[in-house]
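Colleague: Sending over a structure as structure tokens; questions will come in a sec.
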Amino acid sequence: MEILSLTDEPAGFPTPKSRAGASQRWRSVKWYDWPIHPILFAVLPVISLLAPNISQIHLKDAVRPLLLCLLLAAVAWSVARIFVRSLARSAFVASLFLLLFFSFGHVYLGFLGPKTGAIFQRVGLTGQQNTLILTWLAVFVGGTLLLALTKVRVERWTFGVNAIALIAMLFPLGTVMVYEYSIGRPYPLPDQEIPSIEATLPLADDPPDIYYIILDGYARSDVLKAIYGIDNGEFLRELEILGFTIADESRSNYIQTTHSLASALNMTYLEEVAAKVGPDANRRLPLARLIRWSRVKETLDSRGYTSYAFETGSRTAELDNADEYLVPPGGLPTNLERLMLETSSLVLLPQLATVISDVEGNLSARAHLARIQFALESLPTIAREPGPKFVFAHILTPHPPFILLRDGSLADQRIPFSFDDGNGFDGSPSEYLSGYSEQVQFITPAILRSIRGILANSAHPPIIILQADHGPGSGLVWDSMEESDVRERTAILNAILLPGAPPDTVYPSLTPVNTFRIVFNEVFDAQMALLPDSSYFSTWDRPYDFLLIPEERLRTNGHP
């Protein structure tokens with residue numbers, strides 16, 4: 000067992016057997032000779048998964064997995080030192096373990112680039128659980144024995160391995176830092192009438208609370224009935240009894256969520272933004288910045304409003320810089336933690352395999368339901384807070400994923416959890432129709448209860464905007480306006496409670512771009528002109544290449 004007591008450390012690395020003069024020897028070690036690579040290889044999986052998903056995952060969600068990975072590195076290194084007493088050699092053993100542990104799920108599930116994935120596929124490792132386990136064990140055991148037996152002074156490799164780990168972290172870390180810096184700054188809109196309205200709006204003595212509630216993908220009543228066989232007439236009548244006006248010819252200005260919210264919250268169309276970004280751009284960061292630092296929020300902030308917003312699971316369409324950013328109580332793993340479970344060796348555990356593959360136990364589905372329920376339950380509670388308040392509630396249903404039945408329970412289905420819509424939906428046309436219908440019948444009475452709670456708990460009559468960002472996508476073809484049912488995709492629910500306003504203020508064809516213009520005109524006497532109510536199509540890959548949808552396409556069922 001002598002190989003387990005190798006102590007060929009350089010002068011700078013004291014061993015458990017020799018402590019004399021340790022402090023002096025540690026001081027003689029150059030900083031670049033410290034074997035920090037196990038720490039770096041513990042941080043790298045977190046940063047590498049966070050970077051490509053930073054538009055959907057908050058930076059704070061990386062704290063818990065980062066601490067757990069560092070703890071795993073400490074345990075691996077400590078165990079390695081029991082058997083391989085050399086500090087440098089045990090560090091290499093720990094790094095080898097971490098690399099194999101965190102790469103297992105990537106190889107097993109094929110979460111690799113095309114070229115790398117093709118290599119592992121050809122050698123028969125992707126999707127082959129037993130073969131991959133044996134291969135990874137052989138690599139680890141062989142590597143450990145080699146590190147223990149070799150007479151080479153492995154500490155000479157320390158600088159190089161540290162450098163490799165640091166270089167591997169540079170790009171994903173840079174991506175995260177650039178995104179966080181950018182989203183923390185307003186996106187400059189061109190000089191129009193909007194930038195000056197904050198200075199011209201008169202202060203109201205007792206301004207009303209303003210609720211902007213987005214039911215993602217909720218269709219207009221005629222489309223609901225024609226395509227999905229749902230008559231929500233009773234729901235609309237209940238809203239009218241509560242004082243709402245229904246814009247029963249309303250449609251969205253854009254077919255994508257980020258575009259619609261950025262346009263509505265800035266009370267303008269996005270042509271100038273598209274001209275600045277370019278039609279070939281595929282970055283949605285400008286839209287996320289427009290939502291986060293919108294003219295509506297800026298205006299209401301200047302009037303003394305307190306802003307409230309909810310976590311949605313889709314960061315690009317969140318108002319996470321609100322004064323009160325509300326998150327459901329903890330307990331469930333975050334999206335980043337779920338990705339780490341899937342891409343590490345923990346994917347082998349039967350319990351996790353069930354969680355990942357079964358919608359009933361799917362971590363993402365349960366977290367998604369928790370966010371929806373939290374928003375619905377919190378809206379009436381917020382109404383009791385001292386005002387004035389601007390409440391932004393983006394509720395991601397009836398939009399896919401179709402995880403809910405009409406009674407609010409999780410659906411038992413085979414379709415993987417995904418927000419993909421239109422022809423990107425991973426299911427059959429009949430599954431789209433049935434899944435969407437179930438979620439419409441869940442959210443319709445649920446949101447009505449929340450609105451009644453808001454009204455019951457409000458000290459003064461509030462303004463409530465109940466609106467969809469776009470319609471459903473059973474007939475949407477992402478790369479073709481000609482093949483898409485643009486009427487279905489643009490026909491939206493749009494109901495507004497505007498106390499004291501003349502009956503014709505909310506007109507039948509009102510679109511979201513004009514919503515806050517009429518609200519500010521009524522509440523603050525802003526005297527803002529209304530814009531034409533137009534609708535634009537853009538593909539997913541070219542989100543800024545806008546095509547004006549012809550009026551006749553918006554009035555007819557289906558497509559030509």
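For the sequence shown, the working numbering begins at 0 and goes up steadily by one.
Think of the CB as a built atom: it goes at the ideal place given N, C-alpha and C, for glycine as much as any other residue.
Using 8 Å for Cβ pairs, my map puts Thr342 next to Gly104. What's the rounded Cβ distance?
Modeller: Contact flag correct, Cβ pair sits at about 4 Å.
Colleague: Put Val74 into one of helix, strand or coil per three-state DSSP.
Modeller: Helix.
Colleague: Under 8 Å between the Cβ atoms of Gln372 and Phe401?
Modeller: Contact: no.
Colleague: So if DSSP puts Arg250 in a beta bridge, which residue, or which two residues, is it bridged to?
Modeller: Arg250 is bridged to Ala490.
Colleague: Cα-Cα, which of Ile446, Arg448, Tyr506, Asn422 is closest to Pro471?
Modeller: For Pro471, the nearest C-alpha among the options comes from Asn422.
Colleague: Is Tyr178 helix, strand or coil by DSSP?
Modeller: Three-state DSSP puts Tyr178 in a helix.
Colleague: Classify Arg184: buried if its beta carbon has 16 or more other beta carbons within 10 angstroms, exposed otherwise.
Modeller: Arg184 should be labelled exposed.
Colleague: Find the nearest neighbour of Arg302 within the set Pro387, Gln128, Gln412, judged by alpha-carbon distance.
Modeller: Of Pro387, Gln128, Gln412, the residue nearest in Cα terms is Pro387.
Colleague: CB-CB under 8 Å to Ile446, same chain, minus the five flanking residues each way: which ones, in chain order?
Modeller: Only Ile212, Leu214, Leu375, Ile394, Leu465 meet the Cβ criterion.
Colleague: For Thr315, count the other beta carbons within 10 Å of its own beta carbon; 16 or more makes it buried, fewer makes it exposed. Which is it?
Modeller: Its Cβ being crowded by 16 or more others within 10 Å, Thr315 is buried.
Colleague: Please report the distance separating the alpha-carbon of Ile163 from that of Leu43.
Modeller: Computed Cα separation, rounded: 11 Å.
Colleague: With DSSP as the reference, label Lys150 as helix, strand or coil.
Modeller: If DSSP states are grouped into helix, strand and coil, Lys150 belongs with coil.
Colleague: Rounded to whole angstroms, how far is the Cβ of Leu284 from the Cβ of Tyr178, which I believe are closer than 8 Å?
Modeller: At roughly 7 Å, the Cβ-Cβ gap stays under 8 Å, so Leu284 and Tyr178 are in contact.
Colleague: Return the bridge partner residues of Tyr307 from the DSSP annotation.
Modeller: Bridge partners of Tyr307: Glu323, Val390.
Colleague: What I want to know is whether the C-beta of Arg184 ends up closer than 7 Å to one or more non-hydrogen atoms of the ligand COA.
Modeller: With respect to the ligand COA, the structure offers nothing, as it holds no ligand at all.
Colleague: Step through the CB atoms of chain D and report whether any lies within less than 8 Å of the CB of Gln372.
Modeller: Protein chains in the displayed structure number just one, and chain D is not present.
Colleague: Counting C-beta neighbours from all protein chains within 10 Å, is the total for Pro511 16 or more, i.e. buried, or is it exposed?
Modeller: So Pro511 counts as buried.
Colleague: Residues in its own chain within less than 6 Å of Ile548 by CB, not counting five upstream and five downstream?
Modeller: Answer for Ile548: Val485, Ser534, Phe536, listed in chain order.
Colleague: Verify whether the separation of the beta carbon atoms of Leu97 and Ala72 is less than 8 Å.
Modeller: Yes; because the gap between Cβ atoms is below 8 Å, this pair is in contact.
Colleague: By the 10 Å Cβ neighbour count, where 16 or more other Cβ atoms means buried, how is Asp411 classified, buried or exposed?
Modeller: Result: exposed.
Colleague: Which of the three DSSP states is assigned to Phe536 in this structure?
Modeller: Of the three classes helix, strand and coil, the one that applies to Phe536 here is strand, per DSSP.
Colleague: Helix, strand or coil for Gln618? Go by DSSP, reduced to three states.
Modeller: Residue coverage of the chain in this structure runs from 0 to 559, which leaves residue 618 outside it and unanswerable.
Colleague: For His367, which residues from the same chain have a beta carbon less than 8 Å from its beta carbon, with the 5 sequence-adjacent residues on both sides left out?
Modeller: Hits under 8 Å: Gly312, Leu395, Pro400, Ile402, Phe416.
Colleague: Taking 8 Å as the cut-off, decide whether the C-beta atoms of Leu331 and Leu362 are in contact.
Modeller: In this structure, Leu362 lies closer than 8 Å to Leu331 by Cβ.
Colleague: Over what stretch of residues does the alpha helix (DSSP H) that includes Leu447 continue unbroken?
Modeller: Counting along the chain, the alpha helix (DSSP H) containing Leu447 begins and ends at 428-456.
Colleague: Under 8 Å between the Cβ atoms of Ile290 and Pro461?
Modeller: Going by C-beta atoms, Ile290 is not nearer than 8 Å to Pro461.
Colleague: Could you say which of Lys275, Glu481, Glu239 lies nearest to Pro187 if we only look at CA atoms?
Modeller: The shortest Cα separation from Pro187 among Lys275, Glu481, Glu239 belongs to Lys275.
Colleague: Take Pro507 and list the residues in its own chain whose beta-carbon comes closer than 6 Å to its own, dropping the five residues that flank it on each side.
Modeller: Here the set comprises Ala246, Asp247, Glu248.
Colleague: Could you name the residues of the same chain whose beta carbon sits closer than 6 Å to that of Gly407, not counting the 5 residues immediately before and after it, in chain order?
Modeller: So the qualifying residues of the chain are Phe441.
Colleague: How would you label Ser259, buried or exposed, when you count the other beta carbons within 10 angstroms and need 16 or more for buried?
Modeller: It is buried - the Cβ of Ser259 has at least 16 other Cβ atoms within 10 Å.
Colleague: With DSSP run on the structure shown, which of helix, strand or coil describes Leu165?
Modeller: Residue state, collapsed to three classes: helix.
Colleague: If I measure Cβ to Cβ from Pro498 and keep anything under 6 Å in the same chain, skipping five residues before and after, which residues do I get?
Modeller: Pro460, listed in sequence order.
Colleague: Go through its chain and collect everything with a Cβ distance to Arg288's Cβ below 8 Å, but skip five positions before and after it.
Modeller: Within the same chain, Arg288 has close Cβ partners Ser181, Ile182, Arg184, Pro185, Tyr186.
Colleague: Going by C-alpha to C-alpha distance, which of Asn265, Phe91, Val518, Thr443 sits closest to Val140?
Modeller: The residue with the shortest Cα to Cα distance from Val140 is Phe91.
Colleague: Report the option in Pro206, Arg516, Lys150, Glu384 whose CA atom is closest to the CA atom of Ser85.
Modeller: Ranking Pro206, Arg516, Lys150, Glu384 by Cα distance to Ser85 puts Lys150 first.
Colleague: Drop a sphere of 10 angstroms on the beta-carbon of Ser77, count the other beta-carbons inside from all chains shown, and report buried for 16 or more, exposed for fewer.
Modeller: Result: exposed.
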